[in-house]
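Quick notes on the structure that follows.
Residue numbers (the UniProt record's numbering): 1 to 333.
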């Protein structure tokens, strides 16, 4: 076996392992294989092989890495957490975006909190009714290198309907007088010292976000991992927090990851109407979401359903939950 050398980036990136074990190739040459390793919890890690590290650095707000992986293509990593992978990010973004837009009677304007990689905007702009999309991300560096490397989103970044704002989403929403049909939370996971955990709090939802929705407006957010062993990290408290702010309807969706959608109006769309709305409203073919997958994602298992029902904790600045890991601000304290 070859020697394994561990390299820990000083700015808090996950480990990259260099494995010099000889690999059988066409020319029988010895090659080096680098591995990305992410800490899921104190006693759990996962890793996968790399072709190269395309970018790594630390912005004012976050540690950022863009990795070219052998199995998943280009992978965006923020604060040591994989945010999306080129090969399967469409699953996350279709589930985040399309249910809310398809449940709305006629969505024209959308505000994206975060979304710097451009994938959320790409999915929104597939809808024929959309007139304006505001994408507000706090980190110019994330946006710049995603525009450079994630070419699948080039058309979205160039679309005239997209208004790109580099600013804190809370401050931008507070400043704007207009209201939006849909507001999307395409945010990084809440980690201690990260830039966005306050955008998951009751005070933000109640005082800043809800007043910026139109009467039929819908808010949807990614809500962290929602598996059997992970749903109590942040998913259940985010769900319960939105229930305190929005009446009467706050559904949840889980497909390993979790999403929560909220509105003050009942969602009128029936699941069996979703395929028809997709055909009428969406340009091109969706790769993942259809009526059966929407129904299955909204049908939660007994463990998670009971946890949502029994959750009492409300997410606040003083009582925040975090997933494993730390952001730049934490390391500077």
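C-beta: ideal position from N, C-alpha, C; glycine also.
C-beta contact flag for residue i and residue j at 8 Å
i: residue 201; j: residue 226; result: no
i: residue 258; j: residue 224; result: yes
i: residue 208; j: residue 170; result: yes
i: residue 54; j: residue 42; result: no
i: residue 61; j: residue 189; result: no
i: residue 339; j: residue 134; result: This structure does not reach residue 339, given that the chain is present from 1 up to 333, and the question cannot be answered.
i: residue 307; j: residue 236; result: yes
i: residue 338; j: residue 216; result: The displayed coordinates of the chain run from 1 to 333. Any statement about residue 338 would go beyond what the structure contains.
i: residue 314; j: residue 214; result: no
i: residue 182; j: residue 75; result: no
i: residue 228; j: residue 261; result: no
i: residue 253; j: residue 271; result: no
Span separating the alpha-carbon of residue i from that of residue j
i: residue 38; j: residue 107; result: 38 Å
i: residue 230; j: residue 239; result: 14 Å
i: residue 322; j: residue 233; result: 7 Å
i: residue 45; j: residue 80; result: 12 Å
i: residue 191; j: residue 199; result: 12 Å
i: residue 267; j: residue 156; result: 28 Å
i: residue 64; j: residue 85; result: 14 Å
i: residue 164; j: residue 122; result: 13 Å
i: residue 24; j: residue 174; result: Residue placement at residue 24 cannot be trusted, given a pLDDT of 34 that sits under 50; what the coordinates show is reported in the next sentence. When rounded, the distance between both Cα atoms is 58 Å.
i: residue 311; j: residue 179; result: 31 Å
i: residue 287; j: residue 120; result: 14 Å
i: residue 187; j: residue 221; result: 8 Å
i: residue 95; j: residue 318; result: 30 Å
i: residue 48; j: residue 88; result: 15 Å
i: residue 250; j: residue 281; result: 24 Å
i: residue 275; j: residue 269; result: 11 Å
i: residue 21; j: residue 160; result: Unreliable placement is indicated for residue 21, whose pLDDT of 43 sits below 50; the coordinate value is still reported in the next sentence. Each residue's alpha carbon lies about 50 Å from the other.
i: residue 112; j: residue 143; result: 13 Å
i: residue 129; j: residue 278; result: 12 Å
i: residue 197; j: residue 204; result: 10 Å
i: residue 150; j: residue 93; result: 15 Å
i: residue 27; j: residue 172; result: Confidence is the limiting factor: at residue 27 the pLDDT is only 38, short of 50, which leaves the residue's position unreliable, though a coordinate-based value still follows. Between residue 27 and residue 172, the C-alpha separation is close to 57 Å.
i: residue 103; j: residue 40; result: 34 Å
i: residue 320; j: residue 97; result: 25 Å
i: residue 66; j: residue 154; result: 17 Å
i: residue 284; j: residue 126; result: 7 Å
i: residue 146; j: residue 152; result: 10 Å
i: residue 29; j: residue 91; result: Low per-residue confidence applies at residue 29: pLDDT is 41, beneath 50, and the placement is therefore not dependable, though the value from the model is reported in the following sentence. Residue 29 and residue 91: Cα-Cα distance of roughly 38 Å.
i: residue 1; j: residue 263; result: Reliability of the predicted coordinates at residue 1 is poor, the pLDDT of 29 falling under 50, and no value is obtained from them.
i: residue 303; j: residue 245; result: 24 Å
Extent of the continuous beta strand (DSSP E) to which residue i belongs
i: residue 83; result: 81-85
i: residue 136; result: 132-137
i: residue 41; result: 33-41
i: residue 180; result: 180-186
i: residue 143; result: Looking at the DSSP string, residue 143 is not in any beta strand (DSSP E); the run it does join, the alpha helix (DSSP H), is 140-149.
i: residue 77; result: 73-78
i: residue 220; result: 213-225
i: residue 209; result: Neither: residue 209 is in no beta strand (DSSP E) and is coded neither H nor E.
i: residue 163; result: 162-166
Bounding residues of the alpha helix (DSSP H) (the contiguous stretch that carries residue i)
i: residue 245; result: 235-245
i: residue 276; result: 274-281
i: residue 173; result: 169-175
i: residue 59; result: From DSSP, residue 59 is part of no alpha helix (DSSP H); its letter is neither H nor E.
i: residue 157; result: 154-158
- Query: Does the segment 30-44 come close enough to the segment 103-117 that 3 or more CB-CB pairs lie under 8 Å?
  - Reply: No: the two stretches stay apart, fewer than three of their Cβ pairs being nearer than 8 Å.
- Would you list, in sequence order, the uninterrupted alpha helix (DSSP H) runs of no fewer than 4 residues that lie entirely inside the segment 90-134? Segments of the alpha helix (DSSP H) lying fully in the segment 90-134: 119-124.
- Task: Could you pull out every unbroken beta strand (DSSP E) segment of at least 3 residues lying fully inside the segment 251-317, listed in chain order?
- Result: Taking only runs of at least 3 residues, the beta strand (DSSP E) segments lying wholly in the segment 251-317 are 252-255, 257-262.
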